[in-house]
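Beneath this line is the structure, given in structure tokens, with notes to follow.
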Amino acid sequence: MSSKLMYRTLRPVLSSSGLGVGPGIRGHVISHLSTVRFLSSSDTSSPVSGNNQPEKPVQTADGKVISTYWGIPPAKITKPDGSAWKWNCFQPWDSYKPDVSIDVTKHHKPSNFTDKFAYWTVQTLKIPVQLFFQRKHMCHAMLLETVAAVPGMVGGMLLHLKSLRRFEHSGGWIKALLEEAENERMHLMTFIELSQPKWYERAIVFTVQGVFFNAYFLAYVISPKLAHRITGYLEEEAVNSYTEFLKDIDAGKFENSPAPAIAIDYWRLPKDATLRDVVYVIRADEAHHRDINHYASDIQFKGHELKEAPAPIGYH
Numbered sequence: 270m271s272s273k274l275m276y277r278t279l280r281p282v283l284s285s286s287g288l289g290v291g292p293g294i295r296g297h298v299i300s301h302l303s304t305v306r307f308l309s310s311s312d313t314s315s316p317v318s319g320n321n322q323p324e325k326p327v328q329t330a331d332g333k334v335i336s337t338y339w340g341i342p343p344a345k346i347t348k349p350d351g352s353a354w355k356w357n358c359f360q361p362w363d364s365y366k367p368d369v370s371i372d373v374t375k376h377h378k379p380s381n382f383t384d385k386f387a388y389w390t391v392q393t394l395k396i397p398v399q400l401f402f403q404r405k406h407m408c409h410a411m412l413l414e415t416v417a418a419v420p421g422m423v424g425g426m427l428l429h430l431k432s433l434r435r436f437e438h439s440g441g442w443i444k445a446l447l448e449e450a451e452n453e454r455m456h457l458m459t460f461i462e463l464s465q466p467k468w469y470e471r472a473i474v475f476t477v478q479g480v481f482f483n484a485y486f487l488a489y490v491i492s493p494k495l496a497h498r499i500t501g502y503l504e505e506e507a508v509n510s511y512t513e514f515l516k517d518i519d520a521g522k523f524e525n526s527p528a529p530a531i532a533i534d535y536w537r538l539p540k541d542a543t544l545r546d547v548v549y550v551i552r553a554d555e556a557h558h559r560d561i562n563h564y565a566s567d568i569q570f571k572g573h574e575l576k577e578a579p580a581p582i583g584y585h
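Numbered according to this note's numbering, the sequence shown spans residues 270 to 585.
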């Protein structure tokens, strides 16, 4: 049956049943329902106008209407002062006051073969990075954060799967590691507000992240205590890197520009905060991640599983 004959045959049926008819792929007829929000039998709180559209459609910043076809209500979140919350990459309850009292000079001294292997692996990896970036702190920070956000996600994902396989809890470590990954990602979201990476820097990130993700995944499958130790040493180097960044800001070698709005809201910084304040709290975050991963490795070196020790949830 041809498309035209099919259309003539079905049109009266479709019209009488209230279904709309629209053109399909390559001339075929496709029927579709009107765009109506699905309501549960008990939901009477969302009135719908006569044309089956919400009375107050939700719009994006550029004026585009967001469909509520699936019944997902738009979030209307405000700050404590009543002003609108402008971010959708994190929510107010994800923000926090950073603990900057942490000792940023701590170092885990390698005491066995695994520790030494992890330490020298990190020392070897940092050589080409330092040669390439030298004192380009902003570019270095962006590359650093795209890599630093990988271990927490990989560790959290593998612990999640392990919890499902074994029908057991994780002791909170899944959440702790995913918090770490999200915190590292917010570091990156902050830096891209200050500097957009060039095409070759994006290419480097794409390559490094692909190699590092797969290598770290295998390392975590083979030996989680080695993987956490490697991450601990990576975070130590991140702390050192941000310390050098602060020194150059203080010496006037790098402009101490105003802090981006996203950083002020995420770390609850004062409105007149500067780049130095941002780097200072990010360094504290990295020091906390250092402690988390060295702690996780120590637990496993003592012959215990992570679930047997309390996870440092909320410990940025």
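Every residue gets a Cβ at the ideal spot worked out from N, C-alpha and C, and that includes glycine.
Residues bridged to residue i (per DSSP)
| i | result |
| --- | --- |
| Pro527 | Thr543 |
| Thr374 | In the DSSP output, where bridge partners are listed per residue, Thr374 has none listed. |
| Thr347 | Ala353 |
Terminal residues of the alpha helix (DSSP H) in which residue i lies
| i | result |
| --- | --- |
| Ala580 | From DSSP, Ala580 is part of no alpha helix (DSSP H); its letter is neither H nor E. |
| Glu470 | 468-491 |
| His587 | What the structure shows of the chain is the stretch from 270 to 585, and residue 587 is not part of that stretch, so it cannot be assessed. |
| Phe460 | 442-463 |
Beta-carbon separation (whole angstroms), residue i vs residue j, contact threshold 8 Å
| i | j | result |
| --- | --- | --- |
| Thr415 | Leu457 | 6 Å |
| Ser566 | Arg498 | 4 Å |
| Phe460 | Ala410 | 5 Å |
| Leu412 | Ile473 | 7 Å |
| Glu470 | Cys408 | 6 Å |
| Leu544 | Asn525 | 5 Å |
| Ile371 | His557 | 6 Å |
| Arg552 | Thr500 | With 8 Å as the limit, Arg552 and Thr500 do not qualify as a contact, their Cβ atoms being about 16 Å apart. |
| Ala447 | Ser439 | For the record, residue 447 in the displayed sequence is Leu; it is not Ala. With a Cβ gap of about 11 Å, Leu447 and Ser439 do not count as contacting. |
Beta-carbon gap between residue i and residue j smaller than 8 Å
| i | j | result |
| --- | --- | --- |
| Val373 | Val508 | yes |
| Phe486 | Val391 | no |
| Asp602 | His406 | No answer is possible for residue 602: the residues shown for the chain start at 270 and end at 585. |
| Lys571 | Trp442 | no |
| Val419 | Phe359 | no |
| Trp536 | Val548 | no |
| Ala449 | Gly421 | Sequence inspection shows Glu at residue 449; the Ala mentioned does not correspond to that position. Yes, they are a contact pair. |
| Ile582 | Lys444 | yes |
| Ala578 | Leu495 | no |
| Lys348 | Pro367 | no |
| Pro493 | Gln569 | yes |
| Lys395 | Glu506 | yes |
| Ile664 | Ala542 | Outside the modelled stretch of the chain, which goes from 270 to 585, sits residue 664, for which no answer is possible. |
| Ala417 | Leu515 | no |
| His585 | Tyr365 | yes |
Distance cut-off 7 Å: residue i Cβ against heavy atoms of the ligand HEM
| i | result |
| --- | --- |
| Leu544 | Of ligands this structure carries none, so the ligand HEM is not represented either. |
Task: Length-filtered (3 minimum) beta strand (DSSP E) runs lying within the stretch 380-407 - done: none
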